Amino acid sequence: MLECLADYGCETGENPLWHPLEKRLYWCDIPRGRIFRFDPATGAHEQCYQGRTVGGFSVQCDGSLLLFMDRGAIANWREGKLTTVLAEIEQERDSRFNDVIADPVGRVFCGTMSSAARKGSLYRLNLDGSLDRVLTGIGCSNGMAFTQDQKGFYYTDSFAREIYLFDYSADDGTLHNQRVFARFEETDGLPDGVTLDAEDRLWSAFWNGACIAQLDATGRIAQKVSLPVPKVSSLTFGGADYRDIYITTAGGHTKLEDGPLAGALFRLKSQARGVPEFYSRIPVP
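At position 148 of the sequence shown the residue is numbered 711 (our numbering), and the sequence of numbers has no breaks.
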């Protein structure tokens, strides 16, 4: 059963992430620099952050949030206190971070949007705080996930309508052997955020596709769940048993065009079970 949990009219609702220490769901509205959270135990939800653009975030091992922002800036947030981790990336001054994910040892892979000057990139933020650029020439850096054996890495370029699979090394965080895992038609919409379930099946949200979909081992769509809004941006598993799928959407500023629930947060009670995301372990000054 699909239900609407909260409607803050997000222009670009994104990055739904279950916080296992707090047992709450966090998500953001990218261009408006807002972060929200939802407590399924009480049904309460609130806006908890307002500030600079936030393209994505991870949960640190101490429970704080690591925010990835505009101009390549990275900051740590804990209940109103914001601490700069990286002031900016010179090459990203006219861009912003988009989707991010912590890897099994606590590094963070973080992608940037294309700008008028250059294509987007994928960076790796390392445990010592250093930053490596690992991919360039990306149209729209988006959804990422690690396979259950921690040897594979899924990565989405929305504008290319493709999801790639890399060989991944947890030892040093390197990516190798890029190949196309899934390619989609214009009628499918743009593949956006992704997540992996406990059966190692990849799920993707589809921007202008009005759905989320589970993909089979060959990258084909195995099943779809329709939503009442076209711009479905991302999804994650959460809840006590990780059987709830939380789904973010966009279009809160264009409800006349995209529907009255555009920009809302949804929850789907699922037969599939998810797995916890990894904590980031980045040093904070």
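Glycine included, each C-beta is placed from N, C-alpha and C at the ideal position.
Since this is a predicted model, take the numbers as computed values, not measurements.
For Gln623, is the classification buried or exposed, using 16 other Cβ atoms within 10 angstroms of its Cβ as the cut-off for buried? Taking the first residue of the sequence shown as position 1, residue 623 is located at position 60. Buried, since its Cβ has 16 or more Cβ neighbours within 10 Å.
Are the Cβ atoms of Phe570 and Ala827 separated by less than 8 Å? Along the sequence shown, read from residue 1 onward, the residue named residue 570 stands at position 7. Along the sequence shown, read from residue 1 onward, the residue named residue 827 stands at position 264. A small fix is needed here, since residue 570 is Asp in this sequence, not Phe. Contact flag set, yes.
Taking just the CA atoms, how far does Leu588 sit from Pro603? Taking the first residue of the sequence shown as 1, we reach residue 603 at position 40. Taking the first residue of the sequence shown as 1, we reach residue 588 at position 25. Near 8 Å, if we compare the C-alpha coordinates of Leu588 and Pro603.
Am I right that Gly837 and Asp760 are in contact with their C-beta atoms under 8 Å? What's the rounded C-beta distance? Working through the sequence shown from its first residue, we reach residue 837 at position 274. Working through the sequence shown from its first residue, we reach residue 760 at position 197. With 8 Å as the limit, Gly837 and Asp760 qualify as a contact, their Cβ atoms being about 5 Å apart.
Buried or exposed: which applies to Val743, given that a residue is buried once 16 or more other Cβ atoms fall within 10 Å of its Cβ? In the sequence shown, counting from the first residue as 1, residue 743 sits at position 180. Counting Cβ neighbours within 10 Å, Val743 comes out exposed, since fewer than 16 surround it.
Suppose only complete runs of 3+ residues qualify. What are the beta strand (DSSP E) ranges in the segment 619 to 696, listed by chain order? 628 to 632, 637 to 641, 644 to 649, 660 to 665, 671 to 675 and 683 to 688
Could you tell me the alpha carbon to alpha carbon distance between Ala638 and Thr675, rounded to whole angstroms? Position 75 of the sequence shown holds residue 638. Position 112 of the sequence shown holds residue 675. Cα to Cα, the separation comes out at about 16 Å.
Identify which residue in Cys573, Thr646, Pro839 and Tyr612 has its Cα closest to the Cα of Asp763. In the sequence shown, residue 763 corresponds to position 200, counting from 1. Looking at the Cα atoms, Pro839 is the closest of the given residues.
Thr758 classed as buried or exposed, judged by whether at least 16 other C-beta atoms fall within 10 angstroms: Within the sequence shown, residue 758 is the residue found at index 195, counting from 1. The residue is buried, with at least 16 neighbouring Cβ atoms inside 10 Å.
Would you call the CB atoms of Arg659 and Leu688 closer than 8 Å? Within the sequence shown, residue 659 is the residue found at index 96, counting from 1. Within the sequence shown, residue 688 is the residue found at index 125, counting from 1. Not closer than 8 Å, so no.
Below 8 Å on the Cβ atoms is my guess for Asp755 versus Ser796; work out the distance and round it to an integer in Å. If you number the sequence shown from 1, residue 755 lands on position 192. If you number the sequence shown from 1, residue 796 lands on position 233. So it is a contact: roughly 5 Å between Cβ atoms.
Among Asp735, Asp662, Leu565 and Gly802, nearest to Thr719 - alpha-carbon criterion: Your numbering for residue 719 matches position 156 in the sequence shown. For the residues Asp735, Asp662, Leu565 and Gly802, the minimum Cα distance to Thr719 belongs to Asp662.
Sequence-distant residues of its chain with Cβ nearer than 7 Å to Lys794 (five each side left out): Translated into the one-based positions of the sequence shown, residue 794 becomes position 231. Within the same chain, Lys794 has close Cβ partners Trp770, Asn771, Thr812, Ala813, Gly814, Asp821 and Ala825.
Please list, in chain order, all residues of the same chain as Asp695 whose beta carbon is under 6 Å from its beta carbon, the five residues on each side excluded. Counted from its first residue, the sequence shown places residue 695 at position 132. Same-chain partners within the cutoff: Arg687.
Whole-Å CB distance - Leu738 paired with Phe716, under 8 Å assumed: On the sequence shown, position 175 is the one that residue 738 refers to. On the sequence shown, position 153 is the one that residue 716 refers to. Leu738 to Phe716, Cβ: 6 Å. Contact.
First through last residue of the beta strand (DSSP E) which encompasses Leu565: Here residue 565 corresponds to residue number 2 of the sequence shown, with the count starting at 1. It spans Leu565 to Asp570 - the beta strand (DSSP E) in which Leu565 sits, taken as one unbroken run.
Grab me the residues of Tyr805's own chain with a C-beta within less than 6 Å of its C-beta, minus the 5 sequence neighbours each way, in chain order. Residue 805 sits at position 242 when you count from the first residue of the sequence shown. Excluding positions up to five away in sequence, the list reads Arg836 and Gly837.
How about Ala768 and Leu728: do their beta carbons lie closer than 8 Å? Numbered from its first residue, the sequence shown carries residue 768 at position 205. Numbered from its first residue, the sequence shown carries residue 728 at position 165. No. Outside cutoff.
Strictly by DSSP, which residues pair up with Tyr727? In the sequence shown, residue 727 corresponds to position 164, counting from 1. According to DSSP, Tyr727 bridges with Tyr718 and Val743.
Quick test of your reading: Tyr842 and Pro579, contact by CB under 8 Å. State the CB separation rounded to the nearest angstrom. As a working mapping, residue 842 is identified with position 279 in the sequence shown. As a working mapping, residue 579 is identified with position 16 in the sequence shown. In fact, because the Cβ distance is near 17 Å, the residues do not count as touching under 8 Å.
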